[in-house]
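Worksheet for the structure shown next.
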Amino acid sequence: MPTVLFRLLQRLISIRSWTTPALVITFVFFTSWPLMELFERADSELTAPENYWWWFLVTTSTVGYGDFYPETTGGHVVGVYVIVGGIATLTTLFTHLATTLETARGRRMSGSGSLHISDHIVVLGYGAGRSERIIDELLADGRHPVVLGAWDDVDHHPVPDRGIGFVRGDLTAEDVLHRAGVHHARSVLIDARDDNEALAVAVSVHHVNPELEPVIALRDMSRAEHMRYVDETIRCVQWHTPHMITEELLDPGITQVYSELVTHGGGNTYSCRLPESLGPVSYGDCQFALGDRHDATVLAARTDSELLISPSWRTRLPAGSTLYYICAQRISQEQLARAVRATSESRGT
1 MPTVLFRLLQ RLISIRSWTT PALVITFVFF TSWPLMELFE RADSELTAPE
51 NYWWWFLVTT STVGYGDFYP ETTGGHVVGV YVIVGGIATL TTLFTHLATT
101 LETARGRRMS GSGSLHISDH IVVLGYGAGR SERIIDELLA DGRHPVVLGA
151 WDDVDHHPVP DRGIGFVRGD LTAEDVLHRA GVHHARSVLI DARDDNEALA
201 VAVSVHHVNP ELEPVIALRD MSRAEHMRYV DETIRCVQWH TPHMITEELL
251 DPGITQVYSE LVTHGGGNTY SCRLPESLGP VSYGDCQFAL GDRHDATVLA
301 ARTDSELLIS PSWRTRLPAG STLYYICAQR ISQEQLARAV RATSESRGT
């Protein structure tokens, strides 16, 4: 009889599934109880229903409080059977857990799994060094998870230490884009190996999620019009400007602002030195004066020692500092001086 039970137990252990530990422990419980009743005395407290489940629990977990225990030789044999069953259950459970975790890690590292994620940024295309820089800037922002999608020539997760999702395969294939969660993504960067490939990926991304406004890194910006045949909302950025790419992903439309700033007739940028006659003035006075009197916006100031990008309005600027501003037309030193003095007088400073 014990031999048959042990063989049945061994057969159960060989079944590889999450139900196996439950089957093993249930089998041992319902076979050990009648055996224990058979070998122990009729008045044994151990075999009472209110006690046996407790003894079984502490014995199979190898804790063994000792408040109940078998007293006969046959009971001791059943006890060994229960202990073996408990060890087998725990071994099966932990083995299956370890196998599951290792399989999940392998799928994560190989990029063959599906990611259950939403409101994230997907980077499609990998270039050593370049992609790490883009990913690090996106992660530094901290608002959205990041997923990297790479072609089959990248045979394992290239940046596992970044804690980001990874998928691998044909980036124009619908199933690969679904595994990357493109259909639930907040934004997508298409950073392909060439512009033709970028166009093919853009078509597939639009098919999977027409609501997205992808950012495409282009080597030849004249191809931007071709990209907009796919979707007018596509935003194209020069391939060699990774920082601008990440800014466009995080703050859509910012590259258009940059473009206007450097385009003649757009948002013209100028500079002007603070006259010596003004003496030290605050950056806030300059900002308010030029905005109020000339509809201008001060971007930065340069002193003898440093360049200050949008500093605190309380920052004191010595005479001779240079202001950089956006305005429809250039402001002369005389106009600047009059505007600052008028503003200072009206504000009582």
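Quick note: the sequence shown, position 120, residue 120 per UniProt numbering, numbers continuous.
Think of the CB as a built atom: it goes at the ideal place given N, C-alpha and C, for glycine as much as any other residue.
Between the segment 137-157 and the segment 202-219 there are fewer than three C-beta pairs closer than 8 Å, too few to call the two in contact. For the segment 29-69, the continuous alpha helix (DSSP H) assignments of 4+ residues that do not extend past its boundaries occur at 49-60, in sequence order.
Beta-bridge analysis with DSSP links I121 to V146, S187.
Non-local C-beta neighbours of V58 in its own chain, meaning closer than 8 Å and more than five positions away in sequence, comprise G64, Y65, ordered along the chain.
According to DSSP, residue pairing for C286 in a beta bridge does not occur.
Per DSSP, T246 is one residue of the alpha helix (DSSP H) stretching across 242-250. Annotated three-state conformation of Q329 is coil, per DSSP. Excluding residues up to 5 positions away in sequence, T343 lie with their Cβ nearer than 6 Å to the Cβ of F288 in the same chain.
Residue environment analysis places P280 among the exposed positions, since fewer than 16 neighbouring C-beta atoms fall within 10 angstroms of its C-beta.
Ranked by Cα distance from G74, the first of T62, E40, E45 is E40.
Per DSSP, reduced to three states, the secondary structure at L323 is strand. Less than 9 Å divides the Cβ of I121 from the Cβ of L138.
Taking C-beta atoms as the reference points, H178 and S114 count as a pair closer than 9 Å. Look at I135 here: in three-state DSSP terms it is helix.
Here DSSP, grouped into helix, strand and coil, assigns A301 to strand. For R273, the uninterrupted beta strand (DSSP E) segment begins and ends at 269-273. Taking C-beta separations shorter than 6 Å and ignoring five residues to either side along the sequence, the partners of I309 in its chain run A300, following chain order. Contact annotation, L46 with F30: C-beta distance approximately 16 Å; criterion of less than 8 Å not satisfied. Using a C-beta cut-off of 8 Å, the segment 77-87 makes no contact with the segment 129-146, since fewer than three inter-stretch Cβ pairs fall below that distance. For A198, there is no enclosing beta strand (DSSP E); the enclosing alpha helix (DSSP H) covers residues 195-208. Take the alpha-carbon of S277 and the one of A319: they are about 8 Å apart. For I216, there is no enclosing alpha helix (DSSP H); the residue is part of the beta strand (DSSP E) that begins and ends at 215-218. Going by beta carbons, V188 and V230 fall outside the 9 Å limit. In the three-state reduction of the DSSP assignment, I25 falls in the helix class, which pools H, G and I. Here the C-alpha atom of L35 lies approximately 7 Å from the C-alpha atom of V78. For C327 against D292, the beta-carbon gap comes to about 13 Å, at or over 8 Å, which does not count as contact. A22 counts as exposed, since fewer than 16 other beta carbons sit within 10 angstroms of its beta carbon. Apart from sequence neighbours up to five positions away, the residues of its chain that approach M227 with a beta-carbon distance below 7 Å are L199, A202, I216, I234, C236, ordered along the chain. Counting along the chain, the unbroken alpha helix (DSSP H) around V257 starts and ends at 254-261.
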